Structures are given as C-alpha cells and as structure tokens.
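*Asks:* Chains as they are written, first to last, in my numbering: chain A, 43 to 381; chain B, -2 to 349.
Even for Gly, the Cβ is constructed at its ideal location relative to N, Cα and C.
No experiment lies behind these values; they were computed from the predicted model shown.
Below is one structure. I have some questions about it.
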Ligand SMILES: Cc1ncc(C[n+]2csc(CCOP(=O)(O)OP(=O)(O)O)c2C)c(N)n1
Ligand SMILES: [Mg+2]
C-alpha cells in the first residue's frame, strides 16, 4: 500500500460549504477572543488553532455524531465547534477551571481535552474495538499532531488497530511544528501518511487548508472503517500560524517569512473566496459573518462569567466508589483549608 | 489446568475437590481463573485481553480455558504493547465495557505507567464522573520464583501513590478469587497484584465471600486478621503473609504470640484495622518484598503511629527488601525478608 497524495477536491455543495465556513469562521473568531482574553489575564494561557480550521472542521464534519466519537488533544477548538460542543465548557479548560473542560464528553461525542501528546490515540482504538464487539457501526476519529506521531503510543495504537481491524480514523494535523521543532527533525522519511503502509492500512496526505479535501478524505476513511475495512490514516498538511501557545516565542526558532507565506494560504479566507466564486452573494456571507461574530462574543462573555468550580470538586470525582480515607481527607480539608 | 468454577451452578471437575461447607480446594491460579470465568459469565461487558492470554491461556495459565469458553471477542491476544493494552482498556471503558487486561509481568507494567497514571487513574476525575473506568489490571507480581530480570518487582507503592487507583494483593486462593470479583465489580480502576510465588499454593475457596455475610458487598479496604496474638502485630500482603505465619509458628514455640494481619487492600489501607490490632499488641512489624525507602511499609508505619501512638510500646519495625535492584536467583533468598530477619525485628520490638 502506498500513501497517496490526494488531488484537489471537487467543491462541496453550496449549503454544506457555507455551514463549514460558518464553523471555521466562528472558531477563528473565538480563537482570537481567547488570545485577547489571555492578554487581559482572564485565561492563564491559550493554544491557538489559527490556520488549522479547515483540517479540523472538514474532518469533524465528516463524522456522524449519532454514532461516532472524536478523541481530541488540546488544540481542537474548530473540531469541537463543528461537532456542537458547548464552547464555554470547552474554553473552561483553557481558563483553567477544569483540566478536561466543562462540557459533557459523552453527550458531546467528543472526549475530554487531553494534554498528553499521543495519549488519547490508543483510547480511540479501544473505543473503536468496542463498537465492533458490540455489533454497532460507530467509528472513532483520533486527532493528533506531527509531534505526537513520534510517540510510541501512536505506533502501538496504529498497530493494534491494524491487527484488530478497529474502525478508527487517525487524523494527523501536520501543522509543520511541534512546539519549536519542525518536521525535518520530527518525521523521519518526511511523510506521516506513508507510515500507514507499515500498519497495513490506507494512508493519504491531503492539503489540510482545503476543507473539501479534508472532508472527503475523512469521509472516505470513515466509510472504509464502517464497511469493515479497518483503520486508516489521513495526514492533513497545514500550518500553525500562531506560536505554540501564548507563552511561546517563535522568533527563537522560525523564519517570519515562512509564517507570512502560510498566512497567505489562510483556509478561512480561501473558503470565503471559493464561496464567492460559487455564487454566494456578499449579503449572504456578511450575514454568516455577523452571526459568527455574535456567537464568538457570546462565548467570550460566557467564559468570562463562568463561575469557578466548587471547592468540593477537588475531592468529588476521584472515585466512583468513594473511599473512607478520601472522605476523611475531604472532612479535614473542609475544616482546615476550605475558605 | 482444570478449570473449576466456584459458583454452585457449575460442575466441579478435575483436581479440585469439594470441602465440607461448600468450599472447594484449589490453587491460587485456579482460583483466579475461576473468578475470571465467573466475571465473564455474569457480565457480557467484561473482556479479558493481553499478551498470550488467549489460545495459550497466559504464561502462568491463569487465563486457561477462557478463550475456548467465551470466544475470541471476549478473550483475546494483543500485540506486545503494554501502553496500548491499557490505553485500549480506557477507550473500551469509555464505550461501556468492563475490561480486565493482563500485563504479563510486574516489570513490564512500567511501559504502561503513562496510560495508567495519566489516563486510566484520572479519566473519571477529568470528566467529572461522565465516564467511569471499571478496569481491573491483573499484574503477576513480586518475587521468589527465580525468574529473569523484571519478573520479580513489587510496584505497590508506585500505584498506591496515584490518586484514583485502588490496589489489592491477595495471599490465599480464597481471597484471590473473591478480591478479583470485588475488583471487577467496582466502577473504579483497580491494580490487582498476583503473588506469583503463591500461584501453585492450594487452599479452600468458599462459594461466598466470607467478608460479606448475607450476600452484602465486601467493603474495599478491609484487612484480615489471619492469626490472633497479643505480643506484637505482623503486617504483610501477598507472598509475605505466609512468611509471617511461619514466623508466628516459630515464635509461638518460645511463647511469643504474634498477631498476623493480611492487609489485602494496599490502597485504601485499613488504618482502623491496623490501629485496633496495635491497641491489643502495642507492637508492630511490617514486612514487604519491595525496597525499603518510600516503600508501603513507611505508609503503614506512619498510619500506625498517627492512629495508635499512645498504644505503641516501640517504634514500628520494617523488614523489607533492600534499596537495590531486584536480584537474580541465588541472591533472591538473601534479598527477600527471611524468617530470621522477621524474628529479629520481633525481638527488637519486644526488647525496645
Ligand atoms: C507526552 C508529552 N510530552 C511532551 C509534552 C509537551 N508538549 C506539549 S505540546 C508539544 C508539541 C506537540 O506537537 P504536535 O504533536 O505537533 O501538536 P501541536 O502542538 O502542533 O498541535 C509538546 C512537546 C506533552 N504535552 N506530552
Ligand atoms: Mg504540530
């Protein structure tokens, strides 16, 4: 099996393209609000997904949320938004209110925010194995980065998925950078998609800034999994426009020219231009843009207003079956440490 | 190995024989095996998987017969990927299953520590209870069988230190059976440490958990007084419980009556049970195979000191392995606590 380079995809039907534009733009605007909130001291730190909206919205939109499940990392705001995750609950992770976020991962079909690079990838495989064992038809979508592709867990997970023929799609957003380390120092052989061959599954590299291409490649991988074909790997080649996080300083490791070149390939602007060419009027698009802005503002206000969690939450969720010892510590905390 | 389910509805076969009172005599290996049969039979969401656990029945044959009885979907071999075994268990639990993965040997739990500590132990917490992690990790543990390197490790202190985990180690076939079922039935992740030096030891396995009279559920964290005595308390778990019983026999010849506590649950620890015993004996010696420094013996000593300081007539003594890597064959018996070393500690506490 050879990793394929997907060719430029045919455009999506107009209504679908417009709804993806709305999702991508809304995510972009919330992302910008989050950066601003970090500067204002509301969020202690934020990891921007700017530039990766097509890779995320295109792949997430391919899921059937009645039966599929997505396993994110910490940079999947546009995927979360596309799947309808409560965005205030999502940003709660970045406001450091609760590590995993304050949305319900089960109801959202979107796992808790996970900060271990590569860590959630085997979870997706286990979940997918469960679908097959239960005789259901859901598929798992596992997000991870180019840096994560070096983790043993990702390789173990792909191999396990291969031998189990688990219905899982490995969706690598290769945004060229893993914190300060570029692809050249991260990915031997230069192609993550090519690794699929070693695990006996289809692998495809797509232009990650072309939302239609990502959507179609993910869709195809999901159909392959759903029809019993097992796992596949989609490498969406994109770019992390912003620093790794608001605490990062890219001037120490990358050329601003590279950033400028990728800013010109902005996936949101590109989709807007395509929509215009396809005959969407400026009025229609202006309405979408106004709605996106309003919704980003609501999320911004929501996350600012979100109360801090109850102090008892410190103890509440450690065990499903509480232990006497922890109950004792909880009582002591109430007496000694609770305000 | 002949499988002998303990449940009344299943025929007893093979080497096991029925004892008066409904108990069945079997080895610890068989007792764990029969508990796995019960778990797989009573709940279709349970799964057994790991390295060589399927067709082979596990390197110690603990999973013998499960694959034949329950089929490839419920009992399956995985690649040699400890991290993915636990990671997949996390995903399966998120999807409503109750996995019982095996990690083949104690030393090979280390490659899975990230998934155990960063994922399994805290997924319930991270999701504020939206998902539960009813995962029982079976881990053949401890030393004493002259095995290769990485096959004689004691990891209880490592796992007991992790919030969200429950840790248990049986010392008898009866407890091996019932503590495993108790572990499988809780909604929290449990690290179940099997003392491989005791796999072949035989003993009666009651049909009912005698800790839970009248069919009630045994509380997690209950220790057991396996021998009553009034001069000092020996505290141990896993293979060291039998060592302590031997020491108690020897001491009895000199008129010293030792109480022996099988701690059983290593997290949570039965601090009340320990304090109650020390209130009777005023002296305590804790015995474990693991190295001394930051071993679970330190936790036991601290708990006893906190709860029973005024009862204590002497500092809590520790008889443990040494702060060295677990040694090879001929050095193994010189590393592990011996009867003599435990007796010396008893003497120290009596003469303090
Ligand atoms: C196991 C692990 N090692 C290191 C880190 C620290 N870390 C956080 S993000 C990151 C870079 C990850 O790069 P990539 O997988 O490409 O994802 P991206 O940040 O580009 O989305 C590193 C090293 C971590 N979170 N987890
Ligand atoms: Mg990256």
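(1) Quick one: measure Cβ to Cβ for residue 350 of chain B and residue 104 of chain B, integer angstroms, because I've assumed they're closer than 8 Å.
(2) Helix, strand or coil for residue 115 of chain B? Go by DSSP, reduced to three states.
(3) In angstroms with no decimal places, state the Cα-to-Cα distance between residue 344 of chain A and residue 161 of chain B.
(4) Hey, which unbroken runs of the beta strand (DSSP E) at 3 residues or more fall wholly within the stretch 121 to 145 of chain B?
(5) Could you tell me which whole alpha helix (DSSP H) segments of length 4 or greater appear in the stretch 244 to 314 of chain B?
(6) Going along chain B, which residues have a C-beta under 7 Å from residue 198 of chain A?
(7) Can you list, in chain order, the residues of its chain whose CB lies under 6 Å from that of residue 182 of chain A, leaving out five sequence neighbours each side?
(8) For residue 359 of chain A, return the contacting residues in chain B, with the cut-off set at a CB-CB distance below 7 Å.
(9) Could you say if the stretch 200 to 217 of chain A and the stretch 134 to 151 of chain A meet the contact criterion of at least three C-beta pairs nearer than 8 Å?
(10) I need the straight-line Cα distance from residue 154 of chain A to residue 277 of chain B, nearest angstrom please.
(11) What residue range does the alpha helix (DSSP H) around residue 67 of chain B cover?
(12) For residue 201 of chain A and chain B, any beta-carbon pair shorter than 9 Å?
(13) Going by DSSP, which residues form a beta bridge with residue 128 of chain A?
(14) Starting from the beta carbon of residue 169 of chain A, find every residue of chain B whose beta carbon is closer than 8 Å, and list them in chain order.
(15) Sorted by chain position, which residues of the same chain lie with C-beta nearer than 6 Å to residue 255 of chain B's C-beta, five sequence neighbours on each side aside?
(16) Taking only three categories from DSSP, how would you classify residue 200 of chain B?
(17) Ligand 2 heavy atoms versus the CB of residue 30 of chain B: any closer than 8 Å?
(18) Interface residues of chain A around residue 217 of chain B at Cβ under 8 Å?
(19) Put residue 337 of chain B into one of helix, strand or coil per three-state DSSP.
(20) Can you list, in chain order, the residues of its chain with a C-beta nearer than 6 Å to that of residue 253 of chain B? Leave out the 5 residues immediately preceding and following it.
(21) Can you tell which of B/23, B/43, B/291 has the C-alpha that lies nearest to the C-alpha of residue 154 of chain B?
(22) On the three-state DSSP scale, how would you describe residue 74 of chain B?
(23) List the endpoints of the continuous alpha helix (DSSP H) containing residue 66 of chain A.
(24) Quick one: does the C-beta of residue 111 of chain B sit closer than 8 Å to a heavy atom of ligand 1?
(25) So what's residue 7 of chain B in DSSP terms, helix, strand or just coil?
(26) Which same chain residues, not among the five before or five after residue 340 of chain B, have their C-beta less than 8 Å away from its C-beta?
(27) Output, in chain order, the set of chain B residues within a Cβ distance shorter than 7 Å of residue 372 of chain A.
(28) So, is the C-beta of residue 52 of chain A closer than 9 Å to a C-beta in chain B?
(29) Which residues of chain A have a Cβ atom closer than 7 Å to the Cβ of residue 85 of chain B, listed in chain order?
(30) Let me know if residue 186 of chain A comes out buried or exposed under the rule of 16 or more other beta-carbons within 10 Å of its beta-carbon.
(31) Of all the CB atoms in chain A, is at least one closer than 9 Å to the CB of residue 70 of chain B?
(32) Run down chain B in chain order and give the residues with a C-beta less than 7 Å from the C-beta of residue 209 of chain A.
(33) How about the stretch 64 to 84 of chain A and the stretch 331 to 341 of chain A: do they share at least three Cβ pairs that are nearer than 8 Å?
(34) Among the candidates A/359, A/71, A/180, whose CA atom is the shortest distance from the CA of residue 93 of chain A?
(35) Inspect the beta-carbon positions of residue 66 of chain A and residue 96 of chain A and report whether they are closer than 9 Å.
(36) What are the boundary residues of the alpha helix (DSSP H) that residue 98 of chain A is part of?
*Replies:* Taking the definition as stated:
(1) The structure shown does not extend to residue 350 of chain B, since chain B spans only -2 to 349, so no value can be given for it.
(2) Residue 115 of chain B falls in the helix class under three-state DSSP.
(3) When only Cα atoms are considered, residue 344 of chain A and residue 161 of chain B end up about 31 Å apart.
(4) Secondary structure in the stretch 121 to 145 of chain B: the beta strand (DSSP E) runs of 3 residues or longer, each lying completely within the stretch, are 133 to 138 in chain order.
(5) Whole alpha helix (DSSP H) segments, 4+ residues: 268 to 278, 293 to 305.
(6) Simply 78, 80, 81.
(7) Result list for residue 182 of chain A: 111, 166, 169, 170, 210, in chain order.
(8) For residue 359 of chain A, the neighbours in chain B by C-beta distance under 7 Å run, in chain order, 121, 122, 125, 126.
(9) With a cut-off of 8 Å on Cβ pairs, the stretch 200 to 217 of chain A is not in contact with the stretch 134 to 151 of chain A, counting fewer than three such pairs.
(10) Residue 277 of chain B has its alpha-carbon roughly 49 Å from the corresponding atom of residue 154 of chain A.
(11) For residue 67 of chain B, the enclosing alpha helix (DSSP H) starts and ends at 63 to 67.
(12) Yes, contact with chain B.
(13) None, per the DSSP bridge assignment.
(14) Taking a Cβ-Cβ cut-off of 8 Å, the neighbours of residue 169 of chain A in chain B comprise 88, 89, 91, 92, given in sequence order.
(15) Only 226, 229, 231, 245, 248 meet the Cβ criterion.
(16) Here DSSP, grouped into helix, strand and coil, assigns residue 200 of chain B to strand.
(17) No, Cβ of residue 30 of chain B sits at least 8 Å from all heavy atoms of ligand 2.
(18) Scanning chain A for C-beta atoms nearer than 8 Å to the C-beta of residue 217 of chain B yields 363, 365, reported in chain order.
(19) Of the three classes helix, strand and coil, the one that applies to residue 337 of chain B here is helix, per DSSP.
(20) Excluding its 5 nearest sequence neighbours in each direction, residue 253 of chain B has C-beta neighbours in its own chain below 6 Å: 228, listed in chain order.
(21) That would be B/291, whose Cα lies nearest to the Cα of residue 154 of chain B.
(22) Of the three classes helix, strand and coil, the one that applies to residue 74 of chain B here is strand, per DSSP.
(23) Per DSSP, residue 66 of chain A belongs to the alpha helix (DSSP H) from 56 to 81.
(24) Result yes, Cβ under 8 Å from ligand 1.
(25) Because residue 7 of chain B sits at a pLDDT of 35, beneath the cut-off of 50, its placement in the model cannot be relied upon, and the point is left open.
(26) Its chain contains 244, 247, 248 as the residues whose beta carbon lies nearer than 8 Å to that of residue 340 of chain B, once the 5 sequence neighbours on both sides are disregarded; these appear in chain order.
(27) The contacting residues do not exist; residue 372 of chain A stays about 13 Å from chain B at best.
(28) Not flagged as an interface residue toward chain B: residue 52 of chain A, since no C-beta distance is shorter than 9 Å.
(29) One finds 164, 167, 168, 171, 202 in chain A with Cβ atoms closer than 7 Å to the Cβ of residue 85 of chain B, taken in chain order.
(30) Residue 186 of chain A comes out buried.
(31) Residue contact check for residue 70 of chain B against chain A: a CB pair falls below 9 Å.
(32) Those do not exist, as residue 209 of chain A stays about 12 Å from chain B at its closest Cβ, beyond 7 Å.
(33) Taking 8 Å as the limit for Cβ pairs, the verdict is that the stretch 331 to 341 of chain A does touch the stretch 64 to 84 of chain A.
(34) Among A/359, A/71, A/180, the Cα nearest to that of residue 93 of chain A is on A/71.
(35) In contact: residue 66 of chain A and residue 96 of chain A (Cβ atoms closer than 9 Å).
(36) In this chain, the alpha helix (DSSP H) harbouring residue 98 of chain A covers 95 to 103.
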